Amino acid sequence: MKGRLPLLSALALSLGLATLPAAQAALPFGAGSEINSLAPVVEKVSPGVVNISVSGSKVSRQVLPEPFRFFFGPNMPGEQVRERPFQALGSGVIIDADKGHVITNNHVIEDADKILITLIDGQEYEAELIGSDKESDIALLKVDADNLVEIGFADSDKLRVGDFAIAIGNPFGLGQTVTTGVISALGRTGLNVENLENFIQTDAAINSGNSGGALLDLEGNLVGINTAILGPGGGNIGIGFAIPANMVKNLADQILEYGEVRRGVLGVMGGELTSELARTFGYRSQHGAFVSQVLEDSAAAEAGLKAGDIIISLDGKPIRSFGELRAKVATMGADRTVELGLFRDGREKTVKVTLDHASEQQVAANTLHQALEGASLANNDGGVRGVRVTEVAPRSPAALSGLEEGDVIIGVNRKRVKELGELRQIIEAKPEVLALNIQRGNSSIYLVLR
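Letter by letter, the sequence shown follows residues -25 to -1, 1 to 425 in mature numbering (1 follows the signal peptide of the UniProt record, and there is no 0).
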């Protein structure tokens, strides 16, 4: 059974002396020397992993069958709506100590009204959601706290099967827990855990409450965010999955810059490369992404890709499957130029492709300023560039502030604003007053928020 759960725990790891860096090599028991230990690394990085508890309410809808509606009378509503409170636990990783940025899984904080972060020393802080991406299961939080400790990113594309791994998280709400294991596999897809899958597999035990926690290398650098497990009854059987650090960093950078994930699109359709298909096209490997169709007017078409191509690398890094290609392209971001390695007509070649935009996504405006609560915002790429108000809830703070659906924010405090990222930067500076320059139809107006 497949289950989502944060990571941590793992197979008991026997560290041989020969496998440790020379600086950590030690003599065996009884030789009067220090025992091999991961304690120095764990002590350094543990403050960068936080426990997360969330609370909120979920709405459930139930349609009453027609015979029952007749029985209860014409005034009985056809749809029953109920709100049920919930609480959940997870983990997170501090990736920027100065700005208080914490990365976690989207499924940890989804539908939460309140997000509480607990540091390793027991201090608790309420966090706000900066942005999230459901398809890749990533969410970025912000906490206002001093003396935080961040964890640096490793290059997850350099991971090898067999590399040692350390998992830190909050399993079953027990508090911070450390487990160890190895990298069991790379580029895992087709698990139906997320829409965009390119998982690192590890045998470090992952259990409920570890989602959003850290998967680290022996130097204490972040190689992945633990996300899911494969196991009967939701328990650990040594098969856990983490989102690669490079994907996490790409997504976090996009959320910070644009206020959303600007999904990249290549413009091809295809599937996994089977051994029969590889032989048919004269390719001597089963690793790669088979292109069955190139969409018209797409980035791929402009770069010269053709049906029958086998994509074997992306920016010099091997591509193992179509699922891996899809996940990497989608999380790299629109407008990014990448180099694809192709196998075509018995030869290998490289082409450069500038990725297209996927459909626009929206962000809740209350992640920017409390006076904007109740509004949804998106980049306005058609017509005048700015931030479009796509929705305003009746009687919300945003409505009371004077915002209307269809407004386009083109400036704040006399500074030009062309996208969500620029709006976020101005608001994060915490000015005393926000003077929004708004394009409303053919008119330009100012709304002043405090």
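Beta carbons are placed, not taken as given, at the ideal position from N, Cα and C, and that holds for glycine.
Bear in mind the structure is a predicted one, so any value in this text is a computation, not a measurement.
Residue i to residue j span [Cα, whole Å]
i, j, result
"residue 449", "Leu411", "There is simply no residue 449 to check, as the chain begins at -25 and stops at 425 in what is shown."
"Ile402", "Glu394", "13 angstroms"
"residue 439", "Ile158", "This structure leaves residue 439 out entirely; the chain is present only between -25 and 425."
"Ser183", "Val364", "38 angstroms"
"Ala275", "Gly246", "16 angstroms"
"Ala(-4)", "Ser12", "Unreliable positioning characterises Ala(-4) in this predicted model, as indicated by a pLDDT of 36, which lies under 50. The coordinate reading is nonetheless provided below. Approximately 13 angstroms, taken between the alpha carbons."
"Ile70", "Asp88", "23 angstroms"
"Ile90", "Thr255", "53 angstroms"
"Thr325", "Leu317", "6 angstroms"
"Leu123", "Lys117", "12 angstroms"
"residue 449", "Asn173", "Given a span of -25 to 425 for the chain in the structure shown, any question on residue 449 remains unanswerable."
"Gly67", "Asn81", "11 angstroms"
"Gln414", "Leu330", "30 angstroms"
"Val83", "Leu94", "17 angstroms"
"Arg360", "Ala346", "23 angstroms"
"Ile385", "Val392", "5 angstroms"
"Ala114", "Leu197", "16 angstroms"
"Ile27", "Gly75", "14 angstroms"
"His332", "Gly156", "38 angstroms"
"Gly162", "Pro15", "30 angstroms"
"Ser273", "Gly279", "10 angstroms"
"Asp284", "Arg319", "5 angstroms"
"Ala350", "Ile214", "41 angstroms"
"Gly165", "Lys281", "25 angstroms"
"Glu380", "Leu409", "19 angstroms"
"Val387", "Glu407", "12 angstroms"
"Ala72", "Ala140", "23 angstroms"
"Gly291", "Val362", "36 angstroms"
Reduced DSSP category for residue i - H, G, I as helix; E, B as strand; rest coil
i, result
"Glu379", "coil"
"Lys292", "strand"
"His82", "helix"
"residue 426", "Outside the displayed span of the chain (-25 to 425) sits residue 426, for which this structure offers no information."
"Phe61", "strand"
"Glu397", "helix"
"Leu173", "The sequence as given places Asn at residue 173; Leu does not occur at that position. Correct three-state label for Asn173: coil."
"Ala346", "helix"
"Phe256", "coil"
"Arg163", "strand"
"Lys224", "helix"
"Ala373", "helix"
"Arg415", "strand"
"Ile204", "strand"
"Ala217", "strand"
"Gly97", "coil"
"Ala368", "coil"
"Gly23", "helix"
"Ser131", "helix"
"Ser250", "helix"
Residues bridged to residue i [DSSP beta-bridge criterion]
i, result
"Asn185", "Paired residue(s): none; Asn185 is not in a bridge."
"Glu323", "Phe318"
"Glu103", "Lys117"
"Gly75", "DSSP, once it has assigned bridges, lists no residue as partnering Gly75."
"Ala87", "Gly31"
"Gln268", "Met244"
"Val328", "Val313"
"Ala353", "Arg363"
"Asn145", "In the DSSP output, where bridge partners are listed per residue, Asn145 has none listed."
"Arg301", "Note: Arg301 sits in no beta bridge, so no partner."
"Arg391", "Gly386"
"Val153", "Ile143"
"Ile286", "Ala264 and Leu317"
Per-residue burial, residue i [other beta carbons within 10 Å of its own, 16 or more giving buried]
i, result
"Thr306", "buried"
"Leu315", "buried"
"Thr79", "buried"
"Lys327", "exposed"
"Pro219", "buried"
"Arg322", "exposed"
"Lys303", "buried"
"Gly308", "buried"
"Leu417", "Just to set this straight, residue 417 is Asn in the shown sequence, not Leu. Classification for Asn417: exposed."
"Val153", "buried"
"Tyr258", "buried"
"Leu375", "exposed"
"Ala142", "buried"
"Ser111", "buried"
Residue i CB to nearest heavy atom of the ligand GDP below 6 angstroms
i, result
"Ile285", "The ligand GDP is not among the ligands present in this structure, which contains no ligands whatsoever."
* Is there contact between the segment 99 to 106 and the segment 171 to 183, where contact requires at least three CB pairs shorter than 8 angstroms? -> no
* Asked: When the Cβ atoms of the segment 133 to 144 are set against those of the segment 239 to 253, are three or more pairs found closer than 8 angstroms?
  -> no
* **At least 3 beta-carbon pairs within less than 8 angstroms: the segment 141 to 156 vs the segment 184 to 192** => yes
* Asked: Taking one C-beta from the segment 288 to 301 and one from the segment 262 to 279 each time, how about it: are there three or more such pairs within less than 8 angstroms?
  -> yes
* Please confirm if the segment 18 to 34 is in contact with the segment 57 to 71, defined as three or more CB-CB distances below 8 angstroms between the two stretches. => yes
* Does the segment 230 to 237 come within contact of the segment 104 to 117, defined as at least 3 CB pairs closer than 8 angstroms? -> yes
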